[in-house]
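S.K.: Residue numbers (my numbering): 1391 to 1554.
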Amino acid sequence: MVIGRASQSDIVLDDGQVSGTHALLERVGAAWSVRDLGSRNGTFVNGSRVTGERVLRQQDELRVGATTLRFRGEVATDLTVGAEPPPPLTDAERLVLVEVCRLSPGDGWEPKAVAKALGMRQAEFVATLDRLFDAFVIPEGPDRLTELASAALARSAVRLSDLS
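1. According to DSSP, what are the bridge partners of Glu1443?
2. Tell me whether Val1504 sits in a helix, a strand or coil according to DSSP, three-state version.
3. Residue range of the alpha helix (DSSP H) that Glu1537 falls in?
4. Please confirm whether any heavy atom of the ligand SAH lies closer than 7 Å to the CB of Asp1552.
5. I want to know whether the region 1424–1443 touches the region 1399–1406 - three or more CB-CB distances under 8 Å.
6. CA-CA distance, Met1396 and Arg1444?
7. Would you tell me roughly how many angstroms separate the C-alpha atoms of His1412 and Arg1511, rounded to the nearest one?
8. Does the region 1483–1491 come close enough to the region 1445–1455 to have 3 or more Cβ pairs within less than 8 Å?
9. Contact check, Asp1450 vs Val1440 under 8 Å by CB: the rounded distance?
10. If I follow the unbroken beta strand (DSSP E) through Ala1517, where does it start and stop?
11. Compute the Euclidean distance between the alpha carbons of Pro1529 and Phe1523, then round it to the nearest angstrom.
12. Please state whether DSSP places Val1454 in a helix, a strand or coil.
13. I need the straight-line Cα distance from Val1548 to Gln1398, nearest angstrom please.
14. Do Val1516 and Pro1501 have their CB atoms nearer than 8 Å?
15. Just the C-alpha distance for Val1442 and Asp1520, rounded to the nearest angstrom, thanks.
16. Please classify Gly1437 as buried or exposed, where buried requires at least 16 other C-beta atoms within 10 Å of its C-beta.
The structure is reproduced here in structure tokens:
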């Protein structure tokens, strides 16, 4: 969704400090990101200027020009972006983690089919996924994959550019 002053923006703000197309909100798997589109006044999350892309958390304050918006999208965890370094990952773990981050909530997900698509045996895939749950300290629960994706994005273990 494009935020801006131009009538073709998805979110139109009547704010003289907002560029025609100011910022972009984008869903990436289970997370949302914001990117400044080269605006004159910048885009800010919780008072910090956005450079590149930034993963949003529940209740983040997004300032566009003189307008402040509170983010209330679906986010599984409340991790501070960049606060904790990602654990060192093997190539197989990185491959599985990128695939987990591509999921949207509610996607059907069969381990056997995903393992085959990634060129892995199902047992290897499940073991890799279990190591990732442990490495990112994700407890048992129905939203475990979403929480893993959010933690990986928040800790920059997976970058948004890895998902395109």
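Idealized CB from N, CA, C, for every residue including glycine. Keep in mind the model is a prediction, meaning the values are calculated, not measured.
M.R.: In this structure, then:
1. As a first step, residue 1443 is located in the sequence shown; it is residue number 53 there, counting from the start. Partner(s): Arg1425.
2. Your numbering for residue 1504 matches position 114 in the sequence shown. It is helical.
3. By 1-based counting over the sequence shown, the position of residue 1537 is 147. Taken as a continuous stretch (DSSP letters only), the alpha helix (DSSP H) holding Glu1537 covers 1534–1544.
4. This structure simply doesn't include the ligand SAH, nor any ligand for that matter.
5. In short, these stretches do not touch, since the Cβ pair count stays below three.
6. Taking the sequence shown and counting its residues from 1, the one referred to as residue 1396 is at position 6. Taking the sequence shown and counting its residues from 1, the one referred to as residue 1444 is at position 54. Per the sequence shown, residue 1396 should be read as Ala rather than Met. Between Ala1396 and Arg1444, the C-alpha separation is close to 23 Å.
7. To locate residue 1412, count along the sequence shown from 1; it is residue 22. To locate residue 1511, count along the sequence shown from 1; it is residue 121. Their Cα atoms are separated by approximately 45 Å.
8. Segments in contact, no.
9. Translated into the one-based positions of the sequence shown, residue 1450 becomes position 60. Translated into the one-based positions of the sequence shown, residue 1440 becomes position 50. At roughly 11 Å, the Cβ-Cβ gap does not stay under 8 Å, so Asp1450 and Val1440 are not in contact.
10. For this step, residue 1517 is matched to residue 127 along the sequence shown. No beta strand (DSSP E) contains Ala1517, which is instead part of the alpha helix (DSSP H) from 1512–1525.
11. Here residue 1529 refers to the residue found at position 139 when the sequence shown is read from its first residue. Here residue 1523 refers to the residue found at position 133 when the sequence shown is read from its first residue. Rounded to the nearest angstrom, the two C-alpha atoms are 7 Å apart.
12. The sequence position of residue 1454 within the sequence shown is 64, counting from 1. Strand, per DSSP.
13. As a position in the sequence shown, residue 1548 is number 158, starting the count at 1. As a position in the sequence shown, residue 1398 is number 8, starting the count at 1. Taking the straight line from one Cα to the other gives about 32 Å.
14. Mapped onto the sequence shown, residue 1516 falls at position 126. Mapped onto the sequence shown, residue 1501 falls at position 111. Yes; because the gap between Cβ atoms is below 8 Å, this pair is in contact.
15. Within the sequence shown, residue 1442 is the residue found at index 52, counting from 1. Within the sequence shown, residue 1520 is the residue found at index 130, counting from 1. Before going further, note that residue 1442 is Gly rather than Val in the sequence given. Approximately 31 Å, taken between the alpha carbons.
16. The residue you call residue 1437 lines up with position 47 of the sequence shown. That one is exposed.
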